[in-house]
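Per mature numbering (1 follows the signal peptide of the UniProt record, and there is no 0), the sequence shown runs over residues -22 to -1, 1 to 340.
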Amino acid sequence: MMRYLTLCIGMMSVLGVNQAVAQDKLKFIETTYDFGQVKEEDGPVMHEFEFENVGEDSITITYVKASCGCTTPDWTREPVAPGDRGFVRAQYNPRNRPGSFSKSLRINSSGAGSTYVYIKGTVIPRKKTLEEELPIKMGALRVQNTNINLGRITTEKESVAYIEMYNDSEDTVRFLDQYDGPAAVVVTFDTLALAPKEKANVMLTYDPNKEKDALGSKNYGIAIYTDEEDEGQKNFNVRASVREYFAPMTDGEKAKAPKLSIDDKLNNAGRVNEGQTVEVEYTLVNTGAGMLDVRKVESSCACLVAELDDYTIKSGKSASMKLTLDTSGMRGGQNKTVYIYSNDPQESTQVVTIRVTVIKKG
């Protein structure tokens, strides 16, 4: 560890010395330029950093590297004699980059080491066209996306999402007051009659507590219907990752609660041949005071099967979980995970991972 720290400190010292040497020989008029507000629709902006060779020998800029691909550098290519001036140019492309930015350019030179200049500013996004805002056309209607991701939610309460719909036709589109989907999802409409060139919201309300199996990854198909002769059925996909909700607890309540502990949550099985079956085991220990209930064990893919020998674990006791991975059809590095949902109020969802490198047969 000490050798590593010493090496890092040494490298930082060398970089600091190089920077100081460059600054002694290359004198920039400015090292930071603020573009201020940049309109995205105006395209790339450019600034030229001018420098003077204040050293005793000619200096050649050998390379300028920008901190990201959005910034294009250019520079004086010929040697700069003592007392003469050169430039480093930075061109920033704001396309699809709304918000503030701060970028650096590292300037490498022969005879003067390396130094940095910086650009910054704020991109004002251009107003999007209707087609860009709502790119998916479903019959007469336009929507932004057919995949509705509710993200990570809990069983505490319902979650709501809105689908904005635009009538891109010359006729009124009428929604049928019906839909297909699971009982846990309720669909309601702003209006059942959407006039031409108007927008309306369709609201999706998801209540995981209406399901027998409330926890884990959820993926549902939803169908909404209109009176259109063609493409009257609008299909959407609703996803969510549901965790159990636990109310805030006192220190005394926490002391009486179960606690799930798993050592070495990452198991690296190394290199295996394609098609080989890999088995690993994990030990789940209840290090808390209360009874631990494992609510659910969920694998990230059908290729990985998890088997837990006991879903109820007393205080101080353990259970064994075996993972079996079928590597058929896999190539290269693979990380497969299993989610363990329990009544541990402090860490109700835990993840274990099996890692393998799959080698092609023959």
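Even for Gly, the Cβ is constructed at its ideal location relative to N, Cα and C.
Closest by C-alpha distance to residue i, when choosing among the options
i	options	result
V316	G307, E276 and K292	E276
K115	S293, G210, R67 and P51	G210
Y70	E19, K81 and D158	K81
N264	G21, T290 and N246	T290
L282	G230, A178 and I332	I332
L4	S92, R73 and R55	S92
K43	I7, D12 and N86	N86
G268	A280, K292, D12 and V256	K292
F224	V256, K105, N213 and S320	S320
K98	T107, R104, Y184 and R75	R75
residue 355	T9, I202, T305 and F13	Residue numbering for the chain in the displayed model covers -22 to 340; residue 355 lies beyond these limits and cannot be assessed.
Y140	D149, T107, Y157 and V121	V121
Q156	D191, Y203, K196 and T124	Y203
R221	A171, K274 and L238	K274
T150	L170, I131 and A161	L170
L303	V258, Q328 and K339	V258
Y96	K339, T10, V58 and N125	T10
L108	G129, K196 and K177	K177
N127	A162, W53, G253 and V216	V216
K295	G159, Q254 and T261	T261
N213	D62, E142 and N125	N125
Contact test: residue i Cβ vs the ligand NAP heavy atom, cutoff 7 Å
i	result
H25	No copy of the ligand NAP occurs in the structure displayed, which carries no ligand at all.
Residue burial classification, residue i (beta-carbon count within 10 angstroms, cutoff 16)
i	result
M24	exposed
N145	buried
G47	exposed
G(-7)	Bear in mind that the predicted position of G(-7) carries a pLDDT of just 44, short of 50, making it too unreliable to give a figure here.
K135	exposed
I7	exposed
M(-22)	Note on M(-22): pLDDT 48, under 50, position unreliable in the model; the coordinate value appears next. Classification for M(-22): exposed.
G64	buried
T255	exposed
V66	buried
T327	buried
K190	exposed
Cβ-based neighbour list, residue i, same chain, cut-off 8 Å, excluding 5 preceding and 5 following
i	result
residue 385	Because the chain spans -22 through 340 in this model, residue 385 falls outside it and cannot be assessed.
V138	M181, L182, T183 and Y184
V(-2)	Unreliable positioning characterises V(-2) in this predicted model, as indicated by a pLDDT of 45, which lies under 50. A coordinate reading is not provided.
P60	N31, V32, G33, E34, D35 and S36
T133	P186, N187, A192, L193, V220, R221, E222 and Y223
T40	N86, S87 and S88
E252	T305, S306, G307, M308, R309, V336, I337, K338 and K339
residue 353	Given that the chain is displayed from residue -22 to residue 340, the structure contains no residue 353 and the question cannot be resolved.
G21	N71, P72 and R73
Cβ-based neighbour list, residue i, same chain, cut-off 7 Å, excluding 5 preceding and 5 following
i	result
S147	A118 and P174
residue 347	Missing from the structure shown is residue 347; the chain here goes from -22 to 340 and no further.
E26	F65 and R67
Other residues of its chain near residue i: CB distance less than 6 Å, five sequence neighbours each side excluded
i	result
T50	Q69
L244	T331
T335	R249 and G311
V205	According to the sequence shown, residue 205 is Asp rather than Val. Result list for D205: R152, in chain order.
P72	V16, E18 and V101
G266	A235, P236 and K237
V58	N31, I37 and G64
S278	K314 and T315
E172	The identity of residue 172 in the sequence shown is Leu, whereas the question assumes Glu. So the list reads N145, V151 and A178, once near-sequence residues are dropped.
Terminal residues of the beta strand (DSSP E) in which residue i lies
i	result
A284	L282 to L286
A68	R63 to Y70
L310	For the sequence presented, residue 310 should be read as Gly rather than Leu. Note, G310: beta strand (DSSP E), G310 to S320.
R333	T327 to I337
I97	G91 to I102
I7	Premise fails: I7 is in no beta strand (DSSP E) and is neither H nor E.
K115	I114 to M116
Start-to-end residues for the alpha helix (DSSP H) that takes in residue i
i	result
L108	L108 to E111
- Task: Could you pull out every unbroken alpha helix (DSSP H) segment of at least 4 residues lying fully inside the region 231 to 306, listed in chain order?
- Result: none
- Give, in chain order, every unbroken run of the beta strand (DSSP E) that is at least 3 residues long and sits entirely within the region 127 to 157. 137 to 145
- Going along the chain, which unbroken runs of the beta strand (DSSP E) with 3 or more residues stay wholly within the region 160 to 226? 163 to 167, 177 to 184, 194 to 204 and 211 to 221
- Message: Report the start-end ranges of each beta strand (DSSP E) in the region 10 to 89 that is 3 residues or longer and not cut off at the edges.
- Response: 10 to 17, 23 to 31, 38 to 44, 49 to 53, 63 to 70 and 77 to 88
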